[in-house]
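Those letters in the sequence shown? Residues 135 to 485, by the working numbering.
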Amino acid sequence: MNPDKTVFSCHNPEWRGERPAPSLIARCAQLAMLLEVSASPKPGNVDREHNYPDTCFEHFVASSVAVYPVFELAAKSTGRIGQLLRSAVYESSAWQQGGNTHFGAFLLLIPLAMAAGEISREQGEQPGCGKTFFRIEAEEFENLASHAHAFVRETDCEDAVEFYRAFGHAGVRVNSVEEFDLEDPEATSDLRNQNITLYSLMEIAKGYDLIANEWTSGFGRCLEGAKIILDFMDARNCREEALAGGSVSICSGTGVNEAVVYTFLKLLSKHRDTFIQTKFDAETADYVSSRAGEVLSGWEISGKKAGDFAFILPRIQEFDSELLDKRINPGSTADIIIAALFIALLGGLRF
């Protein structure tokens, strides 16, 4: 990076007069989605190297670009998560024909973006030249998650109804349940009659759905992923560099692809992917987690160095081919990675 180059110019109208946080928050969400789908090899999932028959890399890219206005609105909002979710799903599908690309990611990113926006407002106005641009320090990540958790707990019945509408439009694969069946057209009437909130629906699903569990447990795996990403990047001889009154981590050779792949495998090894469980069964999900742990084990036991990640690349590629052949895609883990990247980028991660 050229130290004489001002990244956020005071002469840019976007950074004069109005709080820049909503725009920055939306860009972090958008970039997180793009970095996740670009990372390769990411075993079993669509990435820049391979597609699925009906859903390809470009569909994810189009979806990531399309939903920017929704994230900017979320960063300015204090409610109506369901409406924001439905808007995100509709914007995504208006720009690509690959089906459901980011439903789970939207469920995580929207409350996190709302939380980031609220924190920016709590910090107060910071526009103009010489001011620090909005950033959430690593020690404040738990505060971000706490704000997001508060937002999801405050959802109401109309949020639940909007969730069902978004679900129907996106065509999401879910477990079959008797109570408030997502595939039952009469379910929204039952939701209103019983005044069921969206958070209540997530409590019903938390035992078998990773994203619902994040809602009800306080976004802990998202925070875990953000820490793994940042730790990996720091291990690549990162340096701190002043930027518009603050500082960011600048890493040689980027390393962000390796950081995403490593974090993906690490989280997959520790947490059963519930999308695999839904599509196949619990045994298959456990097998995939076990294989992810095996791929990482030799490298980690020998005293890993981030710069030596290429050492296990052949093993990752082999694992990737195995999952692709079996049509096993750890989609829930990918959603967690997107949220983790979003948090890391809010924390100032640059590459």
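Each residue gets a CB set at the ideal place from its N, CA and C atoms; glycine is no exception. Quick caveat, the model's predicted, so the values are computed rather than measured.
- Query: Around the C-beta of residue 388, are 16 or more other C-beta atoms found within 10 angstroms, so that it is buried, or is it exposed?
  - Reply: Here residue 388 corresponds to residue number 254 of the sequence shown, with the count starting at 1. The residue is exposed, with fewer than 16 neighbouring Cβ atoms inside 10 Å.
- Short Cβ contact (8 Å threshold) for residue 256 with residue 394: For the purposes of this step, residue 256 is taken as residue 122 along the sequence shown, with counting starting at 1. For the purposes of this step, residue 394 is taken as residue 260 along the sequence shown, with counting starting at 1. No, the pair does not count as a contact, with Cβ atoms beyond the cut-off.
- Assign residue 359 to buried or exposed, taking buried as 16 or more other Cβ atoms, counted over all protein chains shown, within 10 Å of its Cβ. The residue given as residue 359 occupies position 225 in the sequence shown. Looking at its Cβ environment, which holds 16 or more other Cβ atoms inside 10 Å, residue 359 is buried.
- Message: Quick check on residue 415: does DSSP put it in helix, strand or coil?
- Response: Numbered from its first residue, the sequence shown carries residue 415 at position 281. Reduced to three states, the DSSP call for residue 415 is coil.
- Beta-carbon separation of residue 235 and residue 289 under 8 Å? Along the sequence shown, one-based indexing puts residue 235 at 101. Along the sequence shown, one-based indexing puts residue 289 at 155. In this structure, residue 235 keeps its C-beta atom at 8 Å or more from the C-beta atom of residue 289.
- Message: Going by beta-carbon coordinates alone, are residue 172 and residue 200 separated by less than 8 Å?
- Response: Within the sequence shown, numbered from 1, the residue matching residue 172 stands at position 38. Within the sequence shown, numbered from 1, the residue matching residue 200 stands at position 66. Not in contact: residue 172 and residue 200 (Cβ atoms no closer than 8 Å).
- Item | Nearest candidate by alpha-carbon position, reference residue 343, set 454, 464 and 331 | As a first step, residue 343 must be located in the sequence shown, where it is residue number 209. Closest by alpha carbon: 464.
- Task: Whole angstroms is fine: what's the gap from residue 454's alpha carbon to residue 322's?
- Result: The residue you call residue 454 lines up with position 320 of the sequence shown. The residue you call residue 322 lines up with position 188 of the sequence shown. Near 40 Å, if we compare the C-alpha coordinates of residue 322 and residue 454.
- In angstroms, rounded to a whole number, what distance separates the CA positions of residue 424 and residue 355? Counted from its first residue, the sequence shown places residue 424 at position 290. Counted from its first residue, the sequence shown places residue 355 at position 221. Spanning the alpha carbons of residue 424 and residue 355 requires a straight line of approximately 18 Å.
- In angstroms, rounded to a whole number, what distance separates the CA positions of residue 468 and residue 174? The count along the sequence shown starts at 1 and reaches residue 468 at position 334. The count along the sequence shown starts at 1 and reaches residue 174 at position 40. Cα atoms of residue 468 and residue 174: separation of roughly 12 Å, rounded to the nearest angstrom.
- Item | C-alpha distance - residue 477 paired with residue 197, whole-angstrom precision | As a position in the sequence shown, residue 477 is number 343, starting the count at 1. As a position in the sequence shown, residue 197 is number 63, starting the count at 1. If you take the alpha carbons of residue 477 and residue 197, they lie about 20 Å apart.
- Message: What does the alpha-carbon distance come out to for the pair residue 145 and residue 268?
- Response: Counted from its first residue, the sequence shown places residue 145 at position 11. Counted from its first residue, the sequence shown places residue 268 at position 134. Here the model assigns residue 145 a pLDDT of 41, short of 50, so the residue's position is not dependable and the matter cannot be decided.
- Query: By the 10 Å Cβ neighbour count, where 16 or more other Cβ atoms means buried, how is residue 407 classified, buried or exposed?
  - Reply: The residue you call residue 407 lines up with position 273 of the sequence shown. The residue is buried, with at least 16 neighbouring Cβ atoms inside 10 Å.
- Message: Quick test of your reading: residue 399 and residue 419, contact by CB under 8 Å. State the CB separation rounded to the nearest angstrom.
- Response: Here residue 399 corresponds to residue number 265 of the sequence shown, with the count starting at 1. Here residue 419 corresponds to residue number 285 of the sequence shown, with the count starting at 1. The Cβ separation is near 15 Å, so there is no contact.
- Query: Which of helix, strand or coil does DSSP assign to residue 290?
  - Reply: Counting from one through the sequence shown, the residue named residue 290 turns up at place 156. Coil, per DSSP.
- Query: For the putative contact between residue 165 and residue 479, defined by C-beta atoms under 8 Å, what is the C-beta separation to the nearest angstrom?
  - Reply: To locate residue 165, count along the sequence shown from 1; it is residue 31. To locate residue 479, count along the sequence shown from 1; it is residue 345. Residue 165 to residue 479, Cβ: 6 Å. Contact.
- So, is residue 365 buried or exposed, given that buried needs 16 or more other C-beta atoms within 10 angstroms? Looking up residue 365 in the sequence shown gives position 231. Under this definition residue 365 is an exposed residue.
- Message: What does the alpha-carbon distance come out to for the pair residue 397 and residue 327?
- Response: Taking the sequence shown and counting its residues from 1, the one referred to as residue 397 is at position 263. Taking the sequence shown and counting its residues from 1, the one referred to as residue 327 is at position 193. Their backbone Cα atoms lie some 43 Å apart in a straight line.
- Message: Based on DSSP bridge pairs, tell me the residues matched to residue 181.
- Response: To locate residue 181, count along the sequence shown from 1; it is residue 47. Paired residue(s): 184.
- Spatial distance of residue 293 from residue 218 (CA atoms): Counted from its first residue, the sequence shown places residue 293 at position 159. Counted from its first residue, the sequence shown places residue 218 at position 84. Spanning the two alpha carbons is a distance of roughly 9 Å.
- Task: With a 10 Å radius around its C-beta and 16 neighbouring C-beta atoms as the bar for buried, classify residue 187 as buried or exposed.
- Result: For this step, residue 187 is matched to residue 53 along the sequence shown. Counting Cβ neighbours within 10 Å, residue 187 comes out exposed, since fewer than 16 surround it.
- Below 7 Å CB to CB, which residues in the same chain sit around residue 347 once its five sequence neighbours on both sides are set aside? On the sequence shown, position 213 is the one that residue 347 refers to. Closer than 7 Å at the Cβ level, and outside the excluded window around residue 347, lie 340.
- Rounded straight-line distance, which links the Cα of residue 433 to that of residue 303: As a first step, residue 303 is located in the sequence shown; it is residue number 169 there, counting from the start. As a first step, residue 433 is located in the sequence shown; it is residue number 299 there, counting from the start. Taken atom to atom, the span from the alpha-carbon of residue 303 to that of residue 433 is near 43 Å.
- Task: Tell me where the alpha helix (DSSP H) around residue 342 begins and ends.
- Result: Stepping through the sequence shown from its first residue, residue 342 is reached at position 208. Premise fails: residue 342 is in no alpha helix (DSSP H) and is neither H nor E.
- Task: Select from 429, 461, 223 and 275 the residue whose C-alpha is nearest the C-alpha of residue 413.
- Result: Locating residue 413 in the sequence shown gives position 279, where the first residue counts as 1. That would be 461, whose Cα lies nearest to the Cα of residue 413.
- Message: Less than 8 Å between the beta carbons of residue 239 and residue 281, yes or no?
- Response: Counted from its first residue, the sequence shown places residue 239 at position 105. Counted from its first residue, the sequence shown places residue 281 at position 147. No. Outside cutoff.
- Assigned secondary structure, residue 365 (DSSP; H/G/I helix, E/B strand, else coil): Position 231 of the sequence shown, counted from the start, is the residue given in the question as residue 365. In the structure shown, residue 365 sits in a helix (DSSP, three-state: H, G or I).
- Query: Any idea if residue 231 is buried or exposed, counting beta-carbon neighbours within 10 angstroms, 16 or more meaning buried?
  - Reply: Against the sequence shown, residue 231 aligns to sequence position 97. Per the 10 Å Cβ criterion, exposed.
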